[in-house]
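In the UniProt record's numbering, the protein residues as written are 1 to 303. From the three backbone atoms N, C-alpha and C, an ideal C-beta is built for every residue, glycine too. Take a look at the structure below.
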Amino acid sequence: MTSALWLNGDDVHGALDAFEPVTPLVQELLADDGGHPPAETGSYGGHEALIVEDPATAVTFVLSRRAVHRVHRAGLTAAVARRLVGPSAATICIVGSRESATIHMTMLAKRLENVAHVAACVLGDAADRSVAPGTLDDLFMAGVSLSVGNNVNEALFGANLVVIDTAGVELRVDWASPRAVIVNTSGQDLPAAVVERASTVYVDDVRLLPEHQHRGFVRRDRAYCGSAGGRPRGHRAAPDIGDLKTLLRGDRCAPPFPARFILVELLSVGTISRGFALGIGRAALDLGLGQRIENPRPRQHGE
Numbered sequence: 001m002t003s004a005l006w007l008n009g010d011d012v013h014g015a016l017d018a019f020e021p022v023t024p025l026v027q028e029l030l031a032d033d034g035g036h037p038p039a040e041t042g043s044y045g046g047h048e049a050l051i052v053e054d055p056a057t058a059v060t061f062v063l064s065r066r067a068v069h070r071v072h073r074a075g076l077t078a079a080v081a082r083r084l085v086g087p088s089a090a091t092i093c094i095v096g097s098r099e100s101a102t103i104h105m106t107m108l109a110k111r112l113e114n115v116a117h118v119a120a121c122v123l124g125d126a127a128d129r130s131v132a133p134g135t136l137d138d139l140f141m142a143g144v145s146l147s148v149g150n151n152v153n154e155a156l157f158g159a160n161l162v163v164i165d166t167a168g169v170e171l172r173v174d175w176a177s178p179r180a181v182i183v184n185t186s187g188q189d190l191p192a193a194v195v196e197r198a199s200t201v202y203v204d205d206v207r208l209l210p211e212h213q214h215r216g217f218v219r220r221d222r223a224y225c226g227s228a229g230g231r232p233r234g235h236r237a238a239p240d241i242g243d244l245k246t247l248l249r250g251d252r253c254a255p256p257f258p259a260r261f262i263l264v265e266l267l268s269v270g271t272i273s274r275g276f277a278l279g280i281g282r283a284a285l286d287l288g289l290g291q292r293i294e295n296p297r298p299r300q301h302g303e
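See the structure below:
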């Protein structure tokens, strides 16, 4: 077997020193041509992996699937934040695991202007809510203050950007800014009370809505559209479902909603393109990251 380069979670995150993920993610999202084939999936050492071969360097990259997905979610979130969060100082609430919160912190601090404070609600292992020194340095250099805890609503207080990167979160949205942008990257429903109070639910790819008929915001929209004429007086309308691509293209500006917030549902986070994984792999190779291993993908006859 030929050799390959294994990139664990730390290697994937370290590759961000030489790889800017937001631009290629937005380009993929706006392409609308289906020309971004997914990376091959596999495993290495008991870890789920993405496997991509680089014809330019003749290197096969084997990347931690979970780590690449974290980078993917954080990159799309940063793209949303740059478009929807206004010019005023941003107070950010991030809810997720230690690893996902860390990558979101780094991405937003580096790529979103006017971040004043990040409140991280770290769920999962209660024994480790520490922040890596490199992340602290990134926040310090960007002039961003940080608080870390495990109470969702305390972290939510006053935030105008809320990132939900884990399932099963109960939150009181009235604790956030009334003009908050909530980005749900978890792939699962937020509480119904949160969805009901949104002015608009933007999705990153409306073509994926038929695959998400089980999601609460889709069911609510379908039910409302099917019987709007018979709704009792005082019944709250379902929030509109909008196409995030129109905002990222600049086709329209997000109107101000002084009393109700915007919810963004990222539906495409389950798929990683070959090109995106390859970009991370090449950056890691340039930085000398990773470990040489036996290639887990057998070469085909004639290759």
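First through last residue of the beta strand (DSSP E) which encompasses glutamate 48 = 47-54
Own chain, CB closer than 7 Å to arginine 215, minus 5 neighbours either side, in chain order = Asp189
DSSP-derived helix/strand/coil call for aspartate 240 | strand
Between which two residues does the beta strand (DSSP E) harbouring isoleucine 92 extend?
-> 90-96
Using the rule of at least 16 other Cβ atoms within 10 Å of the residue's Cβ for burial, across every protein chain shown, is arginine 292 buried or exposed?
-> exposed
Drop a sphere of 10 angstroms on the beta-carbon of threonine 41, count the other beta-carbons inside from all chains shown, and report buried for 16 or more, exposed for fewer.
-> exposed
Could you give the distance in angstroms between the alpha-carbon of valine 152 and the alpha-carbon of threonine 57?
-> 45 Å
Indicate the three-state DSSP secondary structure (helix, strand or coil) for glutamine 213 in the structure shown.
-> coil
Where do the N-terminal and C-terminal ends of the beta strand (DSSP E) with valine 163 fall, by residue?
-> 161-164
Hey, could you find the ends of the alpha helix (DSSP H) asparagine 153 is sitting in?
-> 152-156
How is serine 130 classed by DSSP in three states: helix, strand or coil?
-> coil
Comparing alpha-carbon positions, which option in Leu267, Leu50, Gly168 lies nearest leucine 208?
-> Leu267
Exposed unless 16 or more other CB atoms sit within 10 angstroms - verdict on glutamate 265 = buried
In three-state DSSP terms, what is proline 38?
-> strand
Opposite valine 147 in the DSSP bridges: which residues?
-> Correcting the residue type first, residue 147 is serine in the shown sequence and not valine. In DSSP, serine 147 forms a bridge with Ala119.
Leaving out five residues on either side along the sequence, give the residues of the same chain with a beta carbon under 7 Å from the beta carbon of valine 206.
-> Asp243
Alpha-carbon spacing of asparagine 8 relative to histidine 72, whole angstroms | 15 Å
Hey, is the segment 14-33 in contact with the segment 277-291, meaning 3+ C-beta pairs nearer than 8 Å?
-> yes
Sorted by chain position, which residues of the same chain lie with C-beta nearer than 7 Å to serine 64's C-beta, five sequence neighbours on each side aside?
-> Leu7, Asn8, Gly9, Val12, His47, Ala49
Rank Gly187, Ile182, Leu161, Ala180 by C-alpha distance to the C-alpha of glycine 168 and give the top, closest one.
-> Gly187
Identified DSSP bridge partners for arginine 292 | Leu5
Where valine 68 and serine 177 are concerned, what is the direct C-alpha to C-alpha distance, given to the nearest angstrom?
-> 31 Å
Could you pull out every unbroken alpha helix (DSSP H) segment of at least 4 residues lying fully inside the segment 164-210, listed in chain order?
-> 192-196
Where does glutamate 53 land, buried or exposed, given buried means 16+ other C-beta within 10 angstroms?
-> buried
Could you check what DSSP says for threonine 102 in three-state terms: helix, strand or coil?
-> helix
How is the beta strand (DSSP E) around threonine 60 delimited, first residue to last?
-> 59-64
Beta-carbon proximity list for glycine 230, same chain, < 6 Å, skipping 5 on both sides = Bear in mind that the predicted position of glycine 230 carries a pLDDT of just 47, short of 50, making it too unreliable to give a figure here.
Mark alanine 78 as exposed unless 16 or more other C-beta atoms lie within 10 angstroms of its C-beta, in which case mark it buried.
-> buried
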